[in-house]
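Going by this note's numbering, the residue at position 165 of the sequence shown is 165; the numbering climbs one at a time, nothing skipped. Even glycine gets a Cβ: it sits at the ideal position worked out from N, Cα and C. Structure first, commentary second.
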Amino acid sequence: MIGIIFIAPPAAGKGTQSDMICQKYGFIHVSTGDLLREASKQDNLEALYIQEEMEAGKLIDDGLIMDLLINKLSIINNSGFILDGFPRNLSQAHMFEETINKLNIKQLLVFYIDVPFDVALKRTLGRLICSKCNHVYNSSIKDLMPASLYHCDDCKSPLSKRIDDTEDTFTKRFNFYISETKPLVDYYSKQGVLYRVDGNKDKNNIFMQIDGILNRYLS
Ligand code: AP5
Ligand code: MG
């Protein structure tokens, strides 16, 4: 089984690339951001904590992240999986190593999607998400625009913005990425499993770069 990790700034295209890989290879997509957004809808103190931290662009407690993740990983069979947004710091990377043996992973591949601040900011500010089917659009990128800014092309449900997609919160998320997450590039590079991908390209070009590397391990 292949396990993929994305190390990338906010709005680099982790979710977009995960969807494309899953569509082609049937891998399971595990996004800690999505798991947190789901958990934040509960009516309890933990949900309140998650909402506040996400809105402030801060990282959520490692223990809580591990609980959500381990629960989700229990449904993985032999299909391969993508970790989108995890690990986010060295401590999470170490905790993941303790669980990795139980997962029967033949190969771990880490894709570092490199995107400059300004490009990622533009993508964040333009992001629109369908409230029903979660299809992701972008109001400022030609190929990713919905036909109408208000409704999903596919299911016609209303489009909405993420609460943390403001310039202020994005800047905090990006700064956390630089201080907490980017050191993982060095960490996985030393393990010989890291591949750099140029994220300042359109989504099909980025997918071609990733797929080219993935193919070497699948064949
Ligand atoms: P998370 O949901 O993971 O957010 P993020 O890392 O900030 O990444 P995004 O989801 O914003 O972007 P993406 O890379 O998936 O890009 P996408 O494909 O959508 O985390 C949110 C928060 O949860 C964190 O801030 C933290 O508080 C918490 N959290 C999550 N995981 C955690 C963890 N492990 N530990 C602690 N806390 C955690 O694309 C973005 C936009 O760009 C879209 O509009 C898309 O259409 C467009 N786009 C995509 N590709 C391209 C392209 N190539 N060219 C132009 N536009 C593109
Ligand atoms: Mg995402």
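One or two residues paired with F96 in a DSSP bridge = The partner list for F96 (beta bridge, DSSP) is empty, contrary to what the question assumes.
- Please look up how many angstroms separate the CB atoms of L73 and L48, rounded, as I've assumed it's under 8 Å. Between the beta-carbon of L73 and that of L48 there is about 26 Å, and that puts the pair past the 8 Å contact cut.
Quick test of your reading: Q135 and I82, contact by CB under 8 Å. State the CB separation rounded to the nearest angstrom. Before going further, note that residue 135 is His rather than Gln in the sequence given. Contact between H135 and I82 does not hold, since the beta-carbon distance rounds to 18 Å and is not under 8 Å.
query: How far does the beta strand (DSSP E) with L194 in it reach, from first residue to last?
result: For L194, the enclosing beta strand (DSSP E) starts and ends at L194 to D198.
Between the Cα of G80 and the Cα atoms of A93, Q92 and G26, which residue gives the shortest distance? If we check each option's Cα against that of G80, G26 comes out closest.
Would K161 count as contacting chain C if we go by Cβ distances under 8 Å?
Absent from the structure: chain C. Only one protein chain is present.
Query - Contacts around N204, its chain only, beta-carbon distance under 7 Å, and the 5 residues preceding and following it disregarded - result: A distance below 7 Å between beta-carbons, with the five flanking residues on each side excluded, links N204 to no residue of its chain.
Would you kindly check if the distance between the Cβ of D164 and the Cβ of M54 is under 8 Å?
Yes; because the gap between Cβ atoms is below 8 Å, this pair is in contact.
In its own chain, which residues sit with a C-beta less than 8 Å from the C-beta of I109, not counting the 5 before and 5 after it? Looking at the sequence shown, residue 109 is not Ile but Leu. Only I2, G3, I4, I5, V193, Y195, I213, L214 and Y217 meet the Cβ criterion.
_Could you tell me the alpha carbon to alpha carbon distance between E167 and K58, rounded to whole angstroms?_
When rounded, the distance between both Cα atoms is 14 Å.
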